[in-house]
Every structure is written in structure tokens, then in C-alpha cells.
Amino acid sequence: MTNPAPIDDVSVGGEMIRLGQFLKFAGLLDSGGDVKEAIIDGYVTVNGEVDRRRGRQLHAGDVVGYDGRRVRVQP
Numbered sequence: 001m002t003n004p005a006p007i008d009d010v011s012v013g014g015e016m017i018r019l020g021q022f023l024k025f026a027g028l029l030d031s032g033g034d035v036k037e038a039i040i041d042g043y044v045t046v047n048g049e050v051d052r053r054r055g056r057q058l059h060a061g062d063v064v065g066y067d068g069r070r071v072r073v074q075p
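This is the structure we're talking about:
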């Protein structure tokens with residue numbers, strides 16, 4: 001059994017951010033097109049569950065996963 005990836009904290013400078021914006025801001029993906037594709041194809045998780053809503057609002061403490069990395073939203 002493998003251990004889950006460590007969680008990196010990324011400060012967004014506010015109380016919330018949209019999922020699509022956060023993926024780029026945190027450096028998980030480079031372009032809006034890549035973000036859209038990854039979300040639609042079900043490769044992105046929020047708090048351990050696949051989420052296909054690019055506009056989903058993330059709040060402090062939410063954990064986003066993509067491609068083996070996990071990143072926690074911090075204000």
C-alpha cells in the first residue's frame with residue numbers, strides 16, 4: 001500500500017477561489033484549456049471526490065488533487 005501524496009499549502013490571498021483558477025494558480029496546470037480538459041475528463045478531485053465543475057468555489061481547507069499531487073487552499 002502506498003502513502004498518499006503529501007499536501008502542499010497554497011495561499012490564495014482571500015477567502016475563496018474557483019477550481020479552474022486554483023489549478024493554474026497552484027501550478028498544477030498551465031493553461032485554461034488544460035484545466036478545462038482535466039476537469040471534464042474527471043482527473044481533478046476536491047476533498048477526495050471527482051468534481052467536474054470548473055467554477056466550483058473552493059474555500060480555505062479544501063484539498064485539490066491532480067496527477068498525484070494534493071494542494072490545500074489557504075487564505
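With the first letter of the sequence shown counted as 1, position 36 gets the number 36 in this note's numbering; the numbers rise by one all the way through.
C-beta: ideal position from N, C-alpha, C; glycine also.
In this text the structure is predicted, and so the values were computed from the model without any measurement.
Around Pro75, the same chain offers Ser11, Val12, Gly13, Gly14, Glu15 and Ala60 as residues with beta carbons nearer than 8 Å, after the five sequence neighbours per side are excluded. In the structure shown, the three-state DSSP call for Gly42 is coil. Here Ala38 is buried, its C-beta having at least 16 other C-beta atoms within 10 Å. DSSP, reduced to helix, strand and coil, places Glu49 within a strand of the structure shown. Per DSSP, the continuous alpha helix (DSSP H) segment holding Gly20 begins and ends at Leu19 to Phe25.
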